[in-house]
Amino acid sequence: QGGNALQRVRDDSFTLGQLWSAIADDRIVNHYQPQYDFTTGRTVAVEALVRVVDEDGQLLFPDRFIVEAEQSGMIVPLGRTVIRQACRDLAGWRRQGLTLDRVAINLSAHQLKVDSLLVSYIEKMLDVHGLDFSDLEFELTERQALDHDGPGIDTLNTLAAQGARLALDDFGIGYSSVHYLSALDIRTVKLDRSMVSRLPEDRTTMGVTRQLLAMAEELDLEVVAEGVESEGALRLLAGAGSEEAQGYFLSKPVPPKE
Ligand code: C2E
Ligand code: MG
Ligand code: MG
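For the sequence shown, position 17 matches number 17 in the numbering used here, and the numbering has no gaps at all.
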């Protein structure tokens, strides 16, 4: 299962009881980070990033609770809450006249494996808010592998067949990307922020990034650069053929109202 930092449970990570009460007390909130399109110069999408508000009103980030949620199965109600809020918020923004093509939602491999009714839940939420599958993009991280032909792959392929977009998150640092690219109808790859943060200074990272962008073009994949923190990185990525960018230089993740 790999020794990735995200895979380890932190000393101060949530207990099952804390997760339960956060969900029961409605203290799960989505923040959203804009994705800018280089060609049109506008925000085309936002990514939903889940937070827990603790009992003192303080905001807690996913590194405190996602691994625990996955290991306990609480990722099912947590993940569904994220989807429900994302649909509600997108519909709300559109009623206010905002033109957003879609909202991106992170799905973990565990969630895909254990939530066998995920597709019908999503369908119901879309129905409630008058949205369509094409309004959603699902980001799959490489953190845990999905079995070939397993239920997770089936779920993702069903979502894609219904019109949702699939994105491969944290692209460029893992090892199983090629497997996903052939097993799934991936439209977008998200260049990992650990690479992007080393641009444009680090020559090796520059070279690897250019090659990844060339490969993406060859495979007809859109590239979203994430973790763009400087104008230098932004310019370089635009020039090298990345279609979209996301990062603190453009905007931090913000509450739905912002
Ligand atoms: P991710 O999907 O790769 O999301 C990008 C992370 O990078 C977010 O951290 C975001 O706040 C951060 N980020 C964005 N721009 C910059 C930047 O310019 N510089 C730096 N240093 N960081 C930046 P966050 O919100 O803490 O989320 C961490 C991870 O937790 C996410 O990585 C994703 O894998 C997971 N996650 C978040 N929300 C959900 C969810 O609803 N479901 C699941 N299963 N996982 C989620
Ligand atoms: Mg993501
Ligand atoms: Mg990422």
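Ideal Cβ placement from N, Cα and C applies to all residues, glycine included. Given the structure is predicted, the values throughout are model-derived calculations rather than measurements.
Residue interval of the alpha helix (DSSP H) (run including Q71)
66 to 72
Grouping DSSP H, G and I as helix and E and B as strand, with all else coil, what is L136?
strand
By the three-class DSSP mapping on this structure, what secondary structure does H129 have?
coil
R84 versus T43: straight-line alpha-carbon distance, rounded:
22 Å
Per DSSP, what kind of secondary structure is A160 in: helix, strand or coil?
helix
Give the C-beta separation of I173 and S197 to the nearest angstrom, bearing in mind that I take them to be a contact with Cβ-Cβ under 8 Å.
I173 to S197, Cβ: 12 Å. No contact.
Are V282 and V29 closer than 8 Å when you measure CB to CB?
The chain is shown only over 1 to 258; residue 282 falls outside these bounds and no answer can be derived.
Does ligand 1 have even one heavy atom less than 7 Å from the beta-carbon of F61?
yes
Quick one: Cα of S72 to Cα of L78, how far?
11 Å
Going by the CB atoms, is the gap between N106 and E68 shorter than 8 Å?
no
Return yes when at least one heavy atom of ligand 2 lies under 7 Å from the C-beta of D169, else no.
yes
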